[in-house]
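There are 2 protein chains.
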Amino acid sequence: MTAHRRLTIGLFGFGVVGEGLYKVLHQTLSLNATIKKICIKDPHKKRNAPAELFTTDRDELLNDETINVIVEVINESDAAFQIISIALKNNKAVVSASKKMIAEHLPEILRLQQETGMPFLCESSACASIPVIRNLEEYYDNDLLHSLRAIVNGSTNYILTKMFENKLDFKTALLEAQQLGFAEANPTLDVDGWDAAHKWVILLCHAYGIVTTTDNILFTGIQNVNENDANVGREKNYEIRLVAQAKKLMNGKIAAFVLPQFVKRDDHLSFVKNEYNGVVIESSFADKQFFYGKGAGSFPTASAVLSDISALRYDYRYEYKKLYHHTPNELTNDFYVRVYMSFDEWDFIPREKFEWIEEWHAQEARPDGMAGRGRKYLIAVIHFKHLAENTWWKQNNTSIILAPDPIIEDMELRKLKKKSLELAGISQ
Amino acid sequence: MTAHRRLTIGLFGFGVVGEGLYKVLHQTLSLNATIKKICIKDPHKKRNAPAELFTTDRDELLNDETINVIVEVINESDAAFQIISIALKNNKAVVSASKKMIAEHLPEILRLQQETGMPFLCESSACASIPVIRNLEEYYDNDLLHSLRAIVNGSTNYILTKMFENKLDFKTALLEAQQLGFAEANPTLDVDGWDAAHKWVILLCHAYGIVTTTDNILFTGIQNVNENDANVGREKNYEIRLVAQAKKLMNGKIAAFVLPQFVKRDDHLSFVKNEYNGVVIESSFADKQFFYGKGAGSFPTASAVLSDISALRYDYRYEYKKLYHHTPNELTNDFYVRVYMSFDEWDFIPREKFEWIEEWHAQEARPDGMAGRGRKYLIAVIHFKHLAENTWWKQNNTSIILAPDPIIEDMELRKLKKKSLELAGISQ
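Line by line, the protein sequences are chains U and Y. Note that this note's numbering numbers the first sequence so that position 191 is 191, with each residue one more than the last. In this note's numbering, each number is its position in the second sequence, counted from 1, plus 428.
Right, dumping it as structure tokens:
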């Protein structure tokens, strides 16, 4: 019987997650893991733990040979990367929650793992309490994963839910999210989609062996979604979610993006409300799976860190099978999407860039005189490459929301276009 | 860096799951696992695999020292137990999908693991493709798990969905389930709740460290649920599910049962339709989590077996922390439940056994003259112990369905009773 490794932990960071972890570890004695030292930035702040545990000198942790696990839950990306680099080189296993840092340094982190042979676990970096990384590593193999659709950012999901269900405007909903602690004081990372894109970089690696950056993933947040969009959604019996999506196309390449999306009421993601996260995975073998849980917060994040610590006892590491044991997948922008767009002026919209337009609504005001406020909208099909190479669609207050099931592949396009033009009474 | 163990597998059973696993393994070469021999019962049946792989002599697998993993996916409980016992004693790791066998021999299987030090993994035995056992082992520790509610049987869930959504009667729905392969030719194990109870025995062990048998868990299936019940549910905006439930009561003991239950439309379990399974876990740290996926079928089951095989490469084993590292939890029948019951005759119902009755409906026929057919029903509160010690509630075609949030603890009872009697205009 394998003896479990005794874990001696050096912890970086004692904010909500760090303190949560400290409490959680205290309540799970069976784990056989102890925190030996905690490195913090501000030595004067009052902490809910014995003073002798704390230090401001990172080398006290990184050079301590009795510490075999470094857990890093700090907020600064550059400092976090330095810490985990030294830790791996000093033969320490690493558990990290820093999604931004991981997304920004993915190639280096992969290389460090290969060079040092040390495990680097980061379950909490995407969807916190939902064990999605472990499942992608263990359950799904390269050629079997058809698609991945997820709500990975709780703040924006909370705001969208409130806009939709309580008919709050964007600003009021954001303020409420901030008051409840679901959104940061500076909400740009969440609201503009950066946080979701960081998580998507991490998950694309574990799902498809793709090593990329946010520069190569088309994303936006919910900054331009407005009440009028919510009204259109309600009319069509759709809800709005910020959806991170990846799909294996018929040519074997991967379409991936993070964009607001209309979802049907019977879509699993429509079930995910408020600050929750959810992941829908479709594959050949397990078929359709849906994971739902809290994606942020002190204890949900700490519980994911804890599961990584627990896995280290039996030498668990990610194998990155899709990256190292298969031909890794490639991203592509060569497909079409069906989009809804709302905007203030027709002049902002280069109509000739669409393959075809299915609906256009040019009303200057809604019948009730309330919500329209001159917003116009269209539903149309556009080449994804055009969106990837241009930015007009997120400027001038223009709002883009993908249609349900938005991806249209090359071979479907002609057929769909013909049908759509026939419906509109136009023959070519 | 730990070298991964090379796995050489002896497979027992080549039915839908065994053949599914064989195909799945062929498509996941990176696993470094090969099937050396397959033991089957009928040597004359045509098989979709090379003839030299097959044998009818189990000792060819169990005594082969080059085989280090026995995977057992046969249907016969007694034979399966013999196989896994010998395998563990011969120092082979075991992966089993036989829920009935595991539930019937749990104490022996636990003892065998302790004596031999060999791992026994069985993720596929409960909810197939949903990694619930691994999550209960790794994520949740003893004092943190508030409750577990699950739909663990796909056949009955399919039948209930069809009765509810398509207004089919029980027999037609069952026939449809059988034609689609979601129910066995002999459906008693599924329909009467045995299969769900077996899975609940397994999950109670991993969740709470409780080692019990189906004799000690109150359960019934959906055999007596009828269209009238579905109508009552619809009127109240509830759906019906066969729910396996476990809850830590305020006295620290565990209430556990498998019974039909009304669920509200916004309940996570109401989202689980057709042949799918779902598990809702509430805990202090991860808060509320919901896992959803296929609970049966060739590939979903094979994918769970595969994840166990994959875990064996890094010597993963269940620790049964709640059983061995904590004071194990105890089951209790000392609580009350709010129940709906429908029946043909008042004489079948010992009314004095209820704490109080909140509604009674004695109509001989419904206004539309259709669905009522003389069924009567009541909603009442009863001591769970009474249900556990008597069987009148499942005889004479009596149907029992728990109310949403059915558990009432001792200290809540008096308050609720007073309020309920006041509402009924009765003062004590």
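All residues carry an ideal CB built from backbone N, CA and C; glycine is no exception.
Min CB distance residue i to chain Y below 8 Å
i: U:Lys99; result: no
i: U:Asp449; result: For chain U, the structure presents residues 1 to 428; residue 449 of chain U sits outside this window and is missing.
i: U:Ala286; result: yes
i: U:Ser399; result: no
i: U:Ser310; result: yes
i: U:Ser307; result: yes
i: U:Phe354; result: no
i: U:Arg6; result: no
i: U:Thr2; result: Model confidence at U:Thr2 stands at a pLDDT of 45, short of 50, so the residue's coordinates are unreliable; what they give is reported in the following sentence. So yes, U:Thr2 belongs to the interface.
i: U:Pro328; result: no
Beta carbon proximity, residue i to chain U, threshold 8 Å
i: Y:Gln673; result: no
i: Y:Lys676; result: no
i: Y:Tyr748; result: no
i: Y:Ser770; result: no
i: Y:Phe442; result: no
i: Y:Phe610; result: no
i: Y:Phe548; result: no
i: Y:Phe699; result: yes
Beta-ladder partner(s) of residue i, from DSSP
i: Y:Arg803; result: Y:Arg803 pairs with nothing; no bridge assigned.
i: U:Asn277; result: U:Gly293
i: Y:Val522; result: Y:Ile498 and Y:Phe548
i: U:Thr34; result: U:Thr8
i: U:Arg241; result: U:Gln261
i: Y:His811; result: Y:Tyr764
i: U:Ser399; result: U:Ser342
i: Y:Asp715; result: Y:Ser711
i: U:Ile102; result: Partner(s): none; U:Ile102 has no beta bridge.
i: Y:Ile836; result: Y:Tyr764
Presumed contact (8 Å Cβ cut-off) between residue i and residue j, rounded CB distance
i: Y:Ser735; j: U:Glu138; result: 5 Å
i: U:Val152; j: U:Lys199; result: 4 Å
i: U:Gly438; j: U:Asp64; result: The first residue shown for chain U is 1 and the last is 428, placing residue 438 of chain U beyond what the model contains.
i: U:Ile102; j: U:Ser125; result: 6 Å
i: Y:Ile737; j: Y:Val560; result: That pair is no contact at about 18 Å.
i: U:Ser113; j: U:Leu88; result: Note that residue 113 of chain U is Gln in the sequence shown, not Ser. Their Cβ separation, rounded to whole angstroms, is 7 Å, which keeps U:Gln113 and U:Leu88 in contact under 8 Å.
i: Y:Ile650; j: Y:Leu588; result: 6 Å
i: Y:Phe763; j: Y:Glu837; result: 6 Å
i: U:Arg241; j: U:Asn329; result: Contact flag wrong, Cβ pair sits at about 25 Å.
i: U:Tyr292; j: Y:Gln606; result: With 8 Å as the limit, U:Tyr292 and Y:Gln606 do not qualify as a contact, their Cβ atoms being about 31 Å apart.
i: Y:Phe592; j: Y:Glu667; result: 6 Å
i: U:Ser399; j: U:Asn224; result: 4 Å
i: U:Tyr276; j: U:Gly374; result: Wrong, their Cβ atoms sit about 35 Å apart, outside the cutoff.
i: U:Lys394; j: U:Ser342; result: Not quite, the Cβ-Cβ distance comes to about 12 Å (not below 8 Å), so this is no contact.
Per-residue contacts from residue i into chain A (C-beta, under 7 Å)
i: Y:Tyr742; result: Structure shown: chain A not included; protein chains present are U and Y.
(message) Counting only Cβ-Cβ distances shorter than 8 Å, please list the residues of the stretch 553 to 569 of chain Y near chain U, keeping chain order.
(response) Closer than 8 Å at the C-beta level to chain U, one finds these residues of the stretch 553 to 569 of chain Y: Ser557, Ile558, Pro559, Asn563, Glu566, Tyr567 and Asp569.
(request) Report the residues of the stretch 717 to 731 of chain Y with a CB closer than 8 Å to any CB of chain U, ordered along the chain. (result) Gln717, Phe718, Phe719, Tyr720, Gly721, Lys722, Gly725, Phe727, Pro728, Ala730 and Ser731
(request) Compile a chain-ordered list of the residues in the stretch 501 to 528 of chain Y whose CB is closer than 8 Å to at least one CB of chain U. (result) Those would be none; no residue qualifies.
(request) Note down, one range per segment and in chain order, each beta strand (DSSP E) of at least 3 residues found wholly within the stretch 540 to 588 of chain Y. (result) Qualifying beta strand (DSSP E) stretches, in chain order: 573 to 579.
(message) For a minimum of 4 consecutive residues, which ranges assigned as the alpha helix (DSSP H) are wholly contained in the stretch 478 to 507 of chain Y?
(response) 487 to 490
(message) Please identify, using Cβ separations under 7 Å, the residues of the stretch 446 to 476 of chain Y that lie next to chain U, in order along the chain.
(response) Val452, Gln455, Thr456 and Ser458
(request) At 4 residues or longer, and completely inside the stretch 603 to 687 of chain Y: list those alpha helix (DSSP H) runs for me, N to C. (result) 616 to 619, 622 to 636 and 655 to 663
(message) Which runs of the beta strand (DSSP E) at least 3 residues long sit entirely within the stretch 733 to 800 of chain Y? Give them in chain order.
(response) 764 to 771 and 782 to 789
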